[in-house]
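Visitor: All residue numbers for the sequence shown refer to the numbering used here, where the first residue is -3 and numbers rise by one. Cβ atoms here follow ideal geometry from the backbone N, Cα and C, with glycine treated the same way.
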Amino acid sequence: MRWSPLARKECRSIATSRGVWLLALLLVPWAYRPSYVGWDALGPNITVAYVQVAAELLLPLGVLLLSYQSIVGERTSGSIKFVLGLPLTRTDILLGKIVGRTAGIYGPVCLSFLALAVIGLLSYGVFNPLLFTGQVVLTGVLVLALVTVATSVSALASRTVTAVAIVFVGVYLLLTLLWTTIAESLFTAITGTPVNPYSPPASGLLFLLVRLSPNGAYHVASNWLLGVGNSAANYANVLTKLKPATNTNILVVDATFPPHQIPWYLQQVVGLGILLAWIVIPLAVARYRFSRGDLA
-3 MRWSPLARKE CRSIATSRGV WLLALLLVPW AYRPSYVGWD ALGPNITVAY VQVAAELLLP
57 LGVLLLSYQS IVGERTSGSI KFVLGLPLTR TDILLGKIVG RTAGIYGPVC LSFLALAVIG
117 LLSYGVFNPL LFTGQVVLTG VLVLALVTVA TSVSALASRT VTAVAIVFVG VYLLLTLLWT
177 TIAESLFTAI TGTPVNPYSP PASGLLFLLV RLSPNGAYHV ASNWLLGVGN SAANYANVLT
237 KLKPATNTNI LVVDATFPPH QIPWYLQQVV GLGILLAWIV IPLAVARYRF SRGDLA
């Protein structure tokens, strides 16, 4: 692993920055959201669900902020010439940047999860440690996916302003904040069928589009672990949707499709596959372009 020294350098650089510790500090009050619906369905395992809440909006924003300058920043400052002078291939540089930044971010973030575990243990009692560990590992996969996307954009962009625009408008605003609305509009444009989220059509395409974003795929896999329902939405919203005589604008497969008519590609394990694709595909594209580009 020739890229490991570069990864260690990246990890130290991020782990000693104020930004990542501010993110870790803010995640605890952000994620700790007691709810009656969560307690009724999960009991003490509501502590596990707080890990999912931590991954909504704030964590993606922090990860993207800490990653988008990984390569383009050095290119702008000229320090990329030193990195290129090392006995590393361009692929090694990409791997070192991604692995190092992921480790540097995820370490402090895991301390936030540990704090949530202590708070939950004192507030609700003993939760399932294997389930908690699974959620923490899954959230680590999301962090890796977001770092990979941001670093790939950073490798392809020639200017910092370009990387900022793509990462924060394209990835955060469109793929994180507004993706459900965009997916519904895309479905209407493709099929000509308007979407009423309170009574959505039983269309596999609609539900597939909603879970194609990194956060949507993460929520599908996370809800699968929690056992709360097949949806790309927050666990509490899913539980509310599935309550009798309750109707919300949350898209939940279990509330729309008959049990034996769910398309195979809407199975929850596919959500994990989509999340992994957000690691593999951006890295492959960045590797192809980055290996052939002029960084001088």
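#1: Helix, strand or coil: how does DSSP classify Ser316 here?
#2: Which ranges does the alpha helix (DSSP H) cover as unbroken runs of at least 4 residues, wholly within the segment 35 to 95, from first to last along the chain?
#3: Could you say which of Leu23, Asn230 and Pro197 lies nearest to Ser31 if we only look at CA atoms?
#4: Near Ala213, what residues of its chain come up, given a Cβ to Cβ distance below 6 Å and the 5 sequence neighbours on each side ignored?
#5: At least one CB of chain C closer than 7 Å to the CB of Phe203: is that the case?
#6: Is it buried or exposed for Gln257, if we count other Cβ within 10 angstroms and need 16 for buried?
#7: So, helix, strand or coil for Val248, using DSSP?
#8: Our contact map puts Ile246 next to Ser227 with C-beta atoms below 8 Å; I'd like the distance itself, whole angstroms only.
#9: Excluding sequence positions up to five away, which residues of its chain have a Cβ less than 7 Å from the Cβ of Val234?
#10: Could you check the C-alpha separation between Ser150 and Thr252 for me, to the nearest Å?
#11: What does the alpha-carbon distance come out to for the pair Leu201 and Val79?
#12: Give me, in chain order, the residues of the same chain whose beta-carbon lies closer than 7 Å to that of Thr176; leave out the 5 immediate sequence neighbours on both sides.
#13: Using only the alpha-carbon positions, how far apart do Leu62 and Gly81 sit?
#14: With a cut-off of 8 Å on the beta carbons, I'd call Val167 and Leu60 a contact; round off their distance for me.
#15: Using a threshold of 7 Å, state whether the C-beta atoms of Trp260 and Ala141 are closer than that.
#16: Verify whether the separation of the beta carbon atoms of Val145 and Val47 is less than 7 Å.
#17: Near Ala37, what residues of its chain come up, given a Cβ to Cβ distance below 8 Å and the 5 sequence neighbours on each side ignored?
#18: In its own chain, which residues sit with a C-beta less than 8 Å from the C-beta of Thr158, not counting the 5 before and 5 after it?
#19: Spatial neighbours of Thr87 within its chain, please: CB distance less than 6 Å, with the 5 preceding and 5 following residues excluded, ordered by chain position.
#20: Give me the Cα-Cα distance between Val44 and Ala113, rounded to the nearest whole angstrom.
#21: State the start and end residues of the unbroken alpha helix (DSSP H) segment that holds Val133.
#22: Which of helix, strand or coil does DSSP assign to Gly267?
#23: Applying the 10 Å Cβ sphere with the 16-neighbour rule, what's the burial state of Tyr64?
#24: Since Leu279 and Ser148 should fall inside the 8 Å C-beta cutoff, what is the C-beta to C-beta distance between them, to a whole number of angstroms?
#25: To which residues of the same chain is Leu127 closer than 7 Å at the C-beta, ignoring the five residues directly before and after it?
#26: Helix, strand or coil for Thr158 per DSSP?
#27: Return the chain-ordered list of same chain residues with a C-beta closer than 7 Å to the C-beta of Leu238, the five sequence neighbours on each side being excluded.
#28: Could you check where the alpha helix (DSSP H) with Val16 kicks off and where it finishes?
Guide: Judging by the given coordinates:
#1: Because the chain here runs from -3 to 292, residue 316 falls outside it and cannot be looked at.
#2: Within the segment 35 to 95, the complete alpha helix (DSSP H) runs of at least 4 residues are 42 to 50, 54 to 61, 68 to 73 and 76 to 80.
#3: The residue you call residue 31 lines up with position 35 of the sequence shown. Of Leu23, Asn230 and Pro197, the residue nearest in Cα terms is Asn230.
#4: In the sequence shown, counting from the first residue as 1, residue 213 sits at position 217. Closer than 6 Å at the Cβ level, and outside the excluded window around Ala213, lie Arg207, Gly267, Ile270 and Leu271.
#5: In the structure shown, chain C does not exist; there is a single protein chain.
#6: Taking the first residue of the sequence shown as position 1, residue 257 is located at position 261. Answer is exposed; the Cβ neighbour count stays below 16.
#7: In the sequence shown, the residue the question calls residue 248 occupies position 252. If DSSP states are grouped into helix, strand and coil, Val248 belongs with the strands.
#8: Here residue 246 refers to the residue found at position 250 of the sequence shown. Here residue 227 refers to the residue found at position 231 of the sequence shown. With 8 Å as the limit, Ile246 and Ser227 qualify as a contact, their Cβ atoms being about 7 Å apart.
#9: As a position in the sequence shown, residue 234 is number 238, starting the count at 1. Counting only Cβ-Cβ distances below 7 Å, and skipping sequence neighbours, we find Asn219, Val224, Gly225, Ser227, Ile246 and Val248.
#10: For the purposes of this step, residue 150 is taken as residue 154 along the sequence shown, with counting starting at 1. For the purposes of this step, residue 252 is taken as residue 256 along the sequence shown, with counting starting at 1. Rounded to the nearest angstrom, the two C-alpha atoms are 40 Å apart.
#11: Along the sequence shown, read from residue 1 onward, the residue named residue 201 stands at position 205. Along the sequence shown, read from residue 1 onward, the residue named residue 79 stands at position 83. One C-alpha to the other measures close to 44 Å.
#12: In the sequence shown, the residue the question calls residue 176 occupies position 180. These residues qualify, in order along the chain: Val206.
#13: For the purposes of this step, residue 62 is identified with residue 66 of the sequence shown, where counting begins at 1. For the purposes of this step, residue 81 is identified with residue 85 of the sequence shown, where counting begins at 1. If you take the alpha carbons of Leu62 and Gly81, they lie about 24 Å apart.
#14: One-based indexing of the sequence shown puts residue 167 at position 171. One-based indexing of the sequence shown puts residue 60 at position 64. Confirmed, Cβ separation roughly 6 Å.
#15: On the sequence shown, residue 260 is found 264 positions in, with the first residue counted as 1. On the sequence shown, residue 141 is found 145 positions in, with the first residue counted as 1. No, the pair does not count as a contact, with Cβ atoms beyond the cut-off.
#16: The sequence position of residue 145 within the sequence shown is 149, counting from 1. The sequence position of residue 47 within the sequence shown is 51, counting from 1. For Val145 and Val47, no; Cβs fall outside 7 Å.
#17: Residue mapping note: residue 37 aligns to position 41 of the sequence shown, counting from 1. These residues qualify, in order along the chain: Val224 and Leu235.
#18: Working through the sequence shown from its first residue, we reach residue 158 at position 162. Cβ within range, chain order: Val68.
#19: The count along the sequence shown starts at 1 and reaches residue 87 at position 91. Contacts found: Arg283.
#20: Position 48 of the sequence shown, counted from the start, is the residue given in the question as residue 44. Position 117 of the sequence shown, counted from the start, is the residue given in the question as residue 113. About 8 Å.
#21: Residue numbering aside, residue 133 sits at position 137 when the sequence shown is read from its first letter. Unbroken alpha helix (DSSP H) run through Val133: Pro125 to Leu152.
#22: Here residue 267 refers to the residue found at position 271 when the sequence shown is read from its first residue. Gly267 carries a helical assignment under DSSP once its states are collapsed to helix, strand and coil.
#23: By 1-based counting over the sequence shown, the position of residue 64 is 68. The residue in question, Tyr64, is buried, as its Cβ has 16 or more Cβ neighbours within 10 Å.
#24: Along the sequence shown, one-based indexing puts residue 279 at 283. Along the sequence shown, one-based indexing puts residue 148 at 152. Between Ser148 and Leu279 the Cβ distance is about 6 Å, and since that is below 8 Å, they are a contact.
#25: Sequence index remark: in the sequence shown, residue 127 carries index 131 (1-based). The residues are Asn41, Val44 and Leu221.
#26: Position 162 of the sequence shown holds residue 158. In this structure, Thr158 counts as helix in the three-state DSSP scheme.
#27: Numbered from its first residue, the sequence shown carries residue 238 at position 242. Only Gly225, Val248, Asp250 and Ala251 meet the Cβ criterion.
#28: On the sequence shown, position 20 is the one that residue 16 refers to. Unbroken alpha helix (DSSP H) run through Val16: Arg14 to Ala27.
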